[in-house]
Amino acid sequence: MAELVYNESGRLLFTKEMKKEYTILMPQMLPIHFEMFRQLLLLEGYKVEQLNNDSRNVVDEGLKYVHNDTCYPALLVIGQFMDGIKNGGYDPHKIALFITQTGGGCRASNYIHLLRKALKKAGMDYIPVISVSFGLESNPGFSLTITLIQKLVYGMMYGDLIMNVANQVRPYEATQGDTDLMVQDWIKELVDRFQHGKGMSRKAMRAIFDEIIADFEAIPITGEEKVRVGVVGEIYVKFSALGNNHLEEFLLSEGAEPVVPGLTDFMIFKIYNRVVDVDIYGGSFAKKEVCEFFMGYIQKCQHDMIDALEKSRFRAPGDFEQLRQLVQGYLGEGCKMGEGWLLTAEMLELIHSGTNNIVCTQPFGCLPNHIVGKGMIRALKDNYPDSNIVAIDYDPSATKINQENRIKLMLANGKAMAKKKKQQQEAAV
Numbered sequence: 049m050a051e052l053v054y055n056e057s058g059r060l061l062f063t064k065e066m067k068k069e070y071t072i073l074m075p076q077m078l079p080i081h082f083e084m085f086r087q088l089l090l091l092e093g094y095k096v097e098q099l100n101n102d103s104r105n106v107v108d109e110g111l112k113y114v115h116n117d118t119c120y121p122a123l124l125v126i127g128q129f130m131d132g133i134k135n136g137g138y139d140p141h142k143i144a145l146f147i148t149q150t151g152g153g154c155r156a157s158n159y160i161h162l163l164r165k166a167l168k169k170a171g172m173d174y175i176p177v178i179s180v181s182f183g184l185e186s187n188p189g190f191s192l193t194i195t196l197i198q199k200l201v202y203g204m205m206y207g208d209l210i211m212n213v214a215n216q217v218r219p220y221e222a223t224q225g226d227t228d229l230m231v232q233d234w235i236k237e238l239v240d241r242f243q244h245g246k247g248m249s250r251k252a253m254r255a256i257f258d259e260i261i262a263d264f265e266a267i268p269i270t271g272e273e274k275v276r277v278g279v280v281g282e283i284y285v286k287f288s289a290l291g292n293n294h295l296e297e298f299l300l301s302e303g304a305e306p307v308v309p310g311l312t313d314f315m316i317f318k319i320y321n322r323v324v325d326v327d328i329y330g331g332s333f334a335k336k337e338v339c340e341f342f343m344g345y346i347q348k349c350q351h352d353m354i355d356a357l358e359k360s361r362f363r364a365p366g367d368f369e370q371l372r373q374l375v376q377g378y379l380g381e382g383c384k385m386g387e388g389w390l391l392t393a394e395m396l397e398l399i400h401s402g403t404n405n406i407v408c409t410q411p412f413g414c415l416p417n418h419i420v421g422k423g424m425i426r427a428l429k430d431n432y433p434d435s436n437i438v439a440i441d442y443d444p445s446a447t448k449i450n451q452e453n454r455i456k457l458m459l460a461n462g463k464a465m466a467k468k469k470k471q472q473q474e475a476a477v
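Set out below in structure tokens:
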């Protein structure tokens with residue numbers, strides 16, 4: 049068994065010996081993306097398993113170890129870990145926990161400390177926690193190499209594209225389930241290509257984009273265009289079915305087409321904030337140049353995806369620079385806690401692209417989101433009277449029925465507006 053090693057401040061480290069013996073557990077947020085991230089980590093020699101437990105027991109476990117006034121996503125992530133450790137059949141002396149840490153000014157930066165506190169309270173502080181961050185913490189047995197980061201960027205791009213086209217096909221598929229089967233087929237196909245060293249260059253990625261789009265275009269569809277509903281908000285609650293009570297499934301059941309902005313803009317946003325910090329507050333220009341180079345590479349990959357979509361029948365999202373321009377006059381670039389100005393920019397992009405109906409998801413008491421999400425709704429409605437936005441809070445005590453009833457009211461309004469618009473267009477003809 050690997051020896052437990054601590055740093056000078058008493059933090060347990062994930063060592064190179066642990067890499068050989070330990071299984072790393074990952075929380076779930078984006079099923080398509082995270083499965084590819086898991087496979088890429090497996091190819092790097094790590095033993096990694098994805099936690100998909102999402103029963104009420106996850107919330108209950110979280111409440112045992114995290115105060116209910118703390119950020120709801122932290123409660124869910126820690127609850128998923130603790131439930132997985134206790135009920136997943138793992139040897140607790142042979143596992144490590146994998147969690148990201150942005151280092152921003154919101155409560156998300158405390159997840160890592162809350163998780164270690166929970167493990168200590170449960171008498172399991174011998175379980176190492178790997179903080180995936182840029183320079184905040186390090187572990188000798190885990191490192192984000194340039195090569196691995198590049199591969200993860202490609203995985204993110206594939207995930208965003210598949211999520212985008214799947215959401216545009218699923219509400220209209222002639223045979224229910226065809227889209228989900230295609231999603232799974234492409235995840236398996238990409239994993240197979242990763243294993244054979246394929247699909248890990250921009251040239252190969254552009255060709256694969258075309259293949260993915262062609263396969264989703266070939267799925268038979270039927271029916272009239274449905275009311276589109278954008279989903280924005282705090283990143284975990286926006287993407288995680290556990291966090292938002294399976295919001296996308298509910299929208300589909302109500303006859304709507306979910307439109308979910310991808311992960312890429314958020315990643316560019318986080319890097320761009322490092323550049324803005326130097327411009328506003330001063331700092332290392334060498335660091336700024338590295339961030340600008342990395343950000344530029346991801347933006348090129350994003351443009352590759354947008355170009356591929358624009359050649360197809362699918363709607364393409366705007367790029368990061370368009371988002372940045374849209375938010376001018378609403379929020380400054382120094383407003384970057386949590387999702388910051390990006391959340392408002394995503395709502396603006398949805399409105400400009402014809403998706404006026406928006407669900408803004410936020411953890412109860414999330415200060416950044418109450419400012420850049422809920423707090424900006426009035427300003428958006430003043431400038432875009434046809435925008436139809438509802439802010440939904442998620443926390444352990446919020447009832448699903450109440451959340452869904454509020455969304456139903458928004459949908460009813462959206463469908464009435466769409467009907468009126470269609471009648472006006474017919475009358476004009």
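Mapped onto the working numbering, the consecutive letters of the sequence shown carry residue numbers 49 to 477.
Note that CB positions come from ideal geometry on N, CA and C, so glycine has one too.
Under three-state DSSP, which class holds V106?
-> Three-state result, V106: helix.
Distance, N321 Cα to K33 Cα | Any question about residue 33 goes unanswered here, given that the chain covers just 49 to 477.
Can you tell which of I440, D441 and R426 has the C-alpha that lies nearest to the C-alpha of D434?
-> Nearest option by C-alpha distance: R426.
Can you tell me the Cα-Cα spacing of F62 and G386, whole angstroms?
-> Distance from the CA atom of F62 to the CA atom of G386, rounded to whole angstroms, is 28 Å.
Starting from L145, trace the beta strand (DSSP E) both ways and give me its first and last residue.
-> First-last of the beta strand (DSSP E) with L145: I143 to T148.
Could you have a look at N404 and say whether DSSP puts it in helix, strand or coil?
-> N404 falls in the coil class under three-state DSSP.
Under the three-state reduction of DSSP, which class applies to V73: helix, strand or coil?
-> Note that residue 73 is Leu in the sequence shown, not Val. Assigned with DSSP and collapsed to three states, L73 falls in strand.
Flag this pair as touching only if the region 106–123 and the region 261–277 have three or more C-beta atom pairs under 8 Å; answer yes or no.
-> With the cut-off at 8 Å, the region 106–123 and the region 261–277 do not touch.
Beta-carbon gap between T409 and I440 smaller than 9 Å | Cβ atoms of T409 and I440: closer than 9 Å.
Could you say which of K246, V323 and Y120 lies nearest to S288 if we only look at CA atoms?
-> For S288, the closest alpha carbon among the candidates K246, V323 and Y120 is that of Y120.
Express the C-alpha separation of G203 and G330 in angstroms, rounding to a whole number.
-> A direct Cα-Cα distance of roughly 33 Å separates G330 from G203.
So, V279 versus V125, is the Cβ gap smaller than 9 Å?
-> No, Cβ-Cβ distance for V279 and V125 is not below 9 Å.
Nearest-angstrom Cα separation, counted from N212 out to L357 = So the alpha carbons of these two residues sit roughly 9 Å apart.
Roughly how many angstroms separate the alpha carbons of L457 and D228, rounded to a whole number?
-> Our two residues, L457 and D228, have alpha carbons roughly 28 Å apart in a direct line.
Looking at the unbroken beta strand (DSSP E) that takes in Q98, where does it start and where does it end?
-> Its beta strand (DSSP E) spans residues K95 to Q98.
Could you tell me whether the region 258–269 touches the region 364–378, where touching means 3 or more Cβ pairs closer than 8 Å?
-> No, the region 258–269 is not in contact with the region 364–378.
DSSP-derived helix/strand/coil call for V438 | V438 falls in the strand class under three-state DSSP.
Go through its chain and collect everything with a Cβ distance to T148's Cβ below 6 Å, but skip five positions before and after it.
-> So the qualifying residues of the chain are V180.
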